[in-house]
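Just so you know, we're using numbering that gives the first Met the number 0 here: the sequence shown kicks off at 0 and counts up by one.
Reading through the structure tokens given below for one structure.
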Amino acid sequence: MRRPIVAGNWKMNLDLAAGRDLIASIRAEYATAEPVEVVVCPPTPYLFPAAKALDGCEIRLGAQDIYYTKSGAYTGEVSAEMIAETGADFVILGHSERRHTIGHLEDDRMINLKAHAARRAGLTPILCVGETLAERDAEKTLEVLTFQLTAGIVGLDVSGAKDLVIAYEPVWAIGTGRNATPAQAQEAHAHLRAELRRLIGAAADNVRILYGGSVKPDNAGELFAQADVDGGLIGGASLKADTFVPIIRAAVAAAV
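What follows is the structure, encoded as structure tokens:
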């Protein structure tokens with residue numbers, strides 16, 4: 000059975016004090032969350048303080064991005080090896096805000112290079128894939144997911160459960176208040192699972208596939224109850240304990 004993940008992507012939010020308070024609140028809840036793996040992904044400058052705040056508990060630490068080379072004249076970039084030294088276990092790659100926001104516009108080749116860098120450094124990549132509203136309206140959702148998944152993991156050894164996590168994030172549902180229905184989420188996740196089986200065989204059944212599109216306490220339970228939804232990559236609702244903790248509880252309820 001796949002152990003669900005609830006990962007909080009703080010994006011560029013919270014100050015240091017608020018981040019510590021949030022971690023303390025999550026720690027207080029986590030004693031009852033053993034069936035679920037909880038991950039917090041703060042901004043890069045907060046990784047070391049977050050690691051200290053997490054010391055002695057089972058909550059995992061994740062980063063929001065890496066660069067794909069070990070070192071060099073890349074002002075402002077941070078390598079996978081540097082991130083690993085903070086104590087992080089996970090790294091988000093290919094988030095829609097990096098694929099589609101001017102100033103980033105990351106392509107699948109770059110995302111794949113970052114995935115290789117993550118594995119080289121012992122990090123588990125959380126590879127984000129998802130369609131835009133225009134692609135959904137053109138009925139290209141499954142085609143887009145196949146392309147992004149295939150390009151993202153090409154050349155990777157993902158035979159183990161810790162080698163890869165996928166996050167399906169319909170771009171039209173990120174930060175908009177809209178979300179895919181549970182049936183739409185399951186359709187996308189089942190397609191991703193089938194494509195993983197085509198690409199990596201039986202190991203596909205070990206890969207956790209998260210949903211990441213405006214997950215909130217009031218829809219988390221129904222989303223997490225879907226057969227191929229193995230938790231969530233949570234954005235805005237991860238910034239406050241009174242919304243993030245109920246999502247963790249929903250994942251626990253779906254897992255038992």
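We treat Cβ as the ideally placed atom computed from N, Cα and C, and that holds for glycine.
For clarity, every value in this text was computed on a predicted model and none was experimentally measured.
Per the Cβ contact rule, the region 25-39 is not in contact with the region 97-105 (fewer than 3 Cβ pairs under 8 angstroms). P245 carries a helical assignment under DSSP once its states are collapsed to helix, strand and coil.
Between the C-alpha atoms of V5 and I233 there is a straight-line separation of about 7 angstroms.
When the five nearest sequence neighbours on each side are left out, the beta carbons in the same chain lying within less than 6 angstroms of the beta carbon of A253 are those of F223, A224, in order along the chain. Per the C-alpha coordinates, the member of E134, I208, G212, A202 positioned closest to T180 is G212. Scanning the region 110-188 for uninterrupted beta strand (DSSP E) segments of 3 residues or longer gives 123-128, 164-167, listed from N- to C-terminal end. Beta-bridge pairing by DSSP links N8 to C40. Inclusion of I65 and L122 in the CB contact set at 9 angstroms is warranted, their separation being smaller than that value. Counted as a single uninterrupted DSSP element, the alpha helix (DSSP H) harbouring L53 occupies residues 46-53. By the Cβ neighbour-count rule, R118 is buried, with 16 or more other Cβ atoms within 10 Å of its own.
For I91, the enclosing beta strand (DSSP E) begins and ends at 89-92.
DSSP, reduced to helix, strand and coil, places R207 within a strand of the structure shown.
In this structure P169 is not in contact with P216, their Cβ atoms being roughly 19 angstroms apart against a cut-off of 8 angstroms. Comparing alpha carbon positions, the residue from D106, V38, I199, E142 closest to G159 is I199. Counted as a single uninterrupted DSSP element, the beta strand (DSSP E) harbouring R59 occupies residues 59-62.
Selection A114, L209, L191, V214 evaluated against A203 yields L191 as nearest (Cα-Cα). In the DSSP assignment, S24 is bridged to no other residue. It is roughly 18 angstroms from the alpha-carbon of V90 to the alpha-carbon of N205. Each of G231, I208, A226 was checked against the Cα of A219, and the nearest Cα belongs to G231.
In the DSSP annotation of this structure, the continuous segment of the alpha helix (DSSP H) that includes I82 starts and ends at 79-84.
If you look at G220, you'll find it in the alpha helix (DSSP H) that goes 216-223.
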